[in-house]
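The sequence shown finishes on residue 784 if you use our numbering, and the numbering steps up by one all the way, no holes.
All residues carry an ideal CB built from backbone N, CA and C; glycine is no exception.
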Amino acid sequence: VLEDCIAKNYDFGTAYGRLRRTWDCDDIRKELSEREAEDRERRRKAVEGSRIVDPRIKPRRVWDLCSNRVVPWWSYPQEEKLRPISHAWVNEMDHVDVWTPINGYEWPVPIPKGANLDLIRIEMLNMGLQYTWLDVLCLRQRGGPREDLRVEEWKLDVPTIDAIYNHGAQVVWYLSGLGVPLRLKEGDLESDRCWFRRVWTLQEVGQSRKIAGDTPDGPMHAEPIDEAGNYEDKILTKFHRQLESVETANGLFGALSAMQERISTYPIDKVAGLAYSLLTQSIPAYYESQPLEDAWTALVNEMSKFIRGSLFFSYPEAGTGCKKWRPSWKQVMEKPLPKDIYRWVGLSEVERDDDDWCEGRCIERVFVRGLAVGGEEGVDRCGELVVEDVHGISHAFPIAAHHQYPIPEDTYTLLGSHPYTNPQHWVVGRRLPNKMFEKVSVLMITDPNEIERLYRLGLAAESRSILA
């Protein structure tokens with residue numbers, strides 16, 4: 317085994333990092349070979365075309381703090397929970413690229429000026445860590461000799477970062493920058509580089525966290541001056557309130573709303589950073605140059621039928637992109653968003669094969685009135701829908717809209733959720749000549765008695781509609 321390490325030109329730290337967890341095995345070479353082969357095969361199978369079918373795959377590399385070397389995942393003791401590091405990224409002018417034996421000099425490691433990887437390592441060891449994951453060391457960075465390999469690795473490694481942070485025991489936060497003591501000055505919390513404002517930190521919250529870079533005179537040790545939680549300085553008050561309110565954004569619209577306020581260096585990162593919220597069996601691979609609308613379409617295609625149904629029944633406008641049934645990326649980033657519907661039971665799902673389609677309650681000819689003019693934001697609007705039964709008798713039902721998007725008075729086709737849901741959600745649209753359904757907006761029937769009356773009169777029939 318040691319001869320193999322010599323043949324591969326490993327230094328002592330690299331050899332120690334790769335061997336120390338298997339030293340007691342009867343056949344070290346066989347054990348290492350099997351682990352490496354298993355890991356390589358899992359990564360090969362994890363990507364199918366442009367889709368990641370194993371989104372909970374483990375990271376490619378970890379930082380072994382004892383050997384002070386980056387080692388492959390298969391060298392990591394599987395029984396230990398990984399404690400990754402999350403950090404604010406400083407401005408380009410404030411960081412320096414460091415070539416280090418820690419990652420085998422494979423790529424330059426960007427760290428803040430004045431920071432030191434050895435001191436970061438010591439701080440982590442003092443916290444009781446033996447292994448950690450740090451992006452600048454464990455995720456291949458730009459500027460190395462194998463840029464082609466970085467692009468290929470990022471297809472899998474970037475979208476699956478969430479699995480590292482949300483399946484670990486604890487996340488270590490450097491809020492002022494990697495290896496930088498925690499300090500606050502005017503403008504820090506409004507800066508585009510602030511940890512609380514970055515795209516990727518949305519998924520780096522973790523189940524629990526530990527603040528690194530803490531000092532006795534730092535903001536973590538300030539005391540509030542009243543029971544309302546105010547501090548002597550406004551910046552301290554804002555910092556502690558942000559710290560207390562940090563949590564992983566739940567639900568698709570919750571994640572989208574949070575993403576609207578976040579900053580990213582590369583626009584595509586906002587789309588990629590949403591994959592964590594979907595809890596799907598597969599997610600899109602990462603392509604840096606992919607157009608945003610194409611990336612959003614790929615993400616929607618991987619969503620569960622329940623989340624797609626929520627997009628269809630909740631978002632108040634027709635899509636302005638390639639699909640009418642759901643919003644475009646531009647819409648979800650620039651316009652107000654509805655609240656998530658967590659009572660998915662009863663909502664008709666949007667399925668996908670060659671087409672996007674919805675199977676549920678349908679009323680072909682419905683006159684909608686009272687919602688043609690928008691109102692005050694946050695105030696529900698009320699209107700009425702009128703439908704004729706098979707005998708030509710008209711029946712009117714009160715309706716409501718949580719949004720202010722105008723629905724012109726006209727005759728529409730309505731697709732609805734199941735009759736036992738309250739409120740009952742309806743999508744307002746038109747039946748096209750090719751029989752596809754084109755969305756216009758959404759509304760609700762909120763009175764359970766009216767929902768039951770509509771059902772009892774038999775005015776809605778089960779129907780499968782292909783969505784435009």
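Using a Cβ distance threshold of 8 Å, determine whether the segment 435-446 contacts the segment 324-335, with at least three qualifying pairs required.
Under the 8 Å Cβ criterion, the segment 435-446 does not count as touching the segment 324-335, having fewer than three qualifying pairs.
Identify, in the order they occur along the chain, each residue of the same chain with its Cβ nearer than 6 Å to the Cβ of A614, setting aside the five sequence neighbours on each side.
In chain order, P600 place their CB closer than 6 Å to the CB of A614, counting only its own chain and leaving out the 5 sequence neighbours on each side.
My parser needs the beta strand (DSSP E) runs of 3 or more residues fully inside the segment 634-717; what are they?
DSSP assignment within the segment 634-717 yields the following whole beta strand (DSSP E) runs of 3 residues or more, N-terminal first: 666-668, 672-685, 697-704 and 710-717.
Determine the contact status of W449 and L398, defining contact as a CB-CB distance below 7 Å.
Going by C-beta atoms, W449 is nearer than 7 Å to L398.
Using the DSSP secondary-structure output, state which residues sit across from G567 in a beta bridge.
G567 pairs with nothing; no bridge assigned.
Of all the options D705, I715 and V706, which has the alpha carbon lying nearest to the alpha carbon of L687?
The option with the nearest alpha carbon to L687 is I715.
By Cβ distance below 6 Å, which residues in the same chain neighbour D413 in space, the five residues on each side in sequence not counted?
Result list for D413: P424 and P426, in chain order.
Using a Cβ distance threshold of 8 Å, determine whether the segment 384-391 contacts the segment 496-512, with at least three qualifying pairs required.
Judged by Cβ distances under 8 Å, the segment 384-391 makes no contact with the segment 496-512, as fewer than three pairs qualify.
Which residue spans inside the segment 475-520 form an unbroken alpha helix (DSSP H) run of at least 4?
Every unbroken stretch of the alpha helix (DSSP H) spanning 4 or more residues and falling wholly within the segment 475-520 is given here in chain order: 477-482.
Under DSSP, the alpha helix (DSSP H) around G333 begins and ends at which residues?
In the DSSP assignment, G333 falls within the unbroken alpha helix (DSSP H) covering F328 to L335.
With three or more beta-carbon pairs closer than 8 Å as the criterion, would you say the segment 627-641 touches the segment 577-585?
Contact fails: fewer than three Cβ-Cβ distances are below 8 Å.
State the Cα-Cα distance for the pair V661 and L455, rounded to the nearest angstrom.
With a pLDDT of only 44 at V661, under 50, the local geometry of the prediction cannot be trusted, and no value is derived from it.
Note the first and the last residue of the continuous alpha helix (DSSP H) segment covering K346.
For K346, the enclosing alpha helix (DSSP H) stretches over residues I344 to A362.
Member of R358, E350, I623 and I527 whose CA lies at the smallest distance from the CA of P375:
Closest option to P375, Cα to Cα, is R358.
Report the residue from I679, D696 and G694 whose alpha carbon sits nearest the alpha carbon of R780.
It is I679.
For A574, name the three-state secondary structure that DSSP assigns.
Three-state DSSP puts A574 in a helix.
Use the C-beta contact count for A591: other C-beta atoms within 10 angstroms, 16 or more gives buried, fewer gives exposed.
So A591 counts as buried.
Going by DSSP, what residue range makes up the beta strand (DSSP E) through P428?
In the DSSP assignment, P428 falls within the unbroken beta strand (DSSP E) covering V425 to P428.
Compute the distance between the beta-carbons of L730 and F713, then report whether it is under 7 Å.
Not closer than 7 Å, so no.
In terms of alpha-carbon separation, which member of E354, G589, W405 and V703 lies closest to W389?
Nearest C-alpha to W389: E354.
How many whole angstroms separate the CB atoms of L453 and W379, which I take to be in contact at a CB cut-off of 8 Å?
Rounded, the Cβ-Cβ distance is 5 Å, consistent with contact.
Going by the beta-carbon positions, is the gap between L491 and W511 smaller than 7 Å?
Yes. Within cutoff.
Leaving out five residues before and five after H403 in sequence, what residues of the same chain have Cβ atoms less than 6 Å from its Cβ?
Annotation for H403: Y490 and L494 place their beta carbon closer than 6 Å to its own, counting only its chain and skipping 5 residues before and after.
Mark M575 as exposed unless 16 or more other C-beta atoms lie within 10 angstroms of its C-beta, in which case mark it buried.
Of the residues assessed, M575 falls on the buried side of the cut-off, its CB having 16 or more other CB atoms within 10 angstroms.
Nearest-angstrom Cα distance between I711 and V703?
Note that residue 711 corresponds to His in the displayed sequence, not to Ile. Inter-residue distance for H711 and V703 is about 5 Å (C-alpha atoms, whole angstroms).
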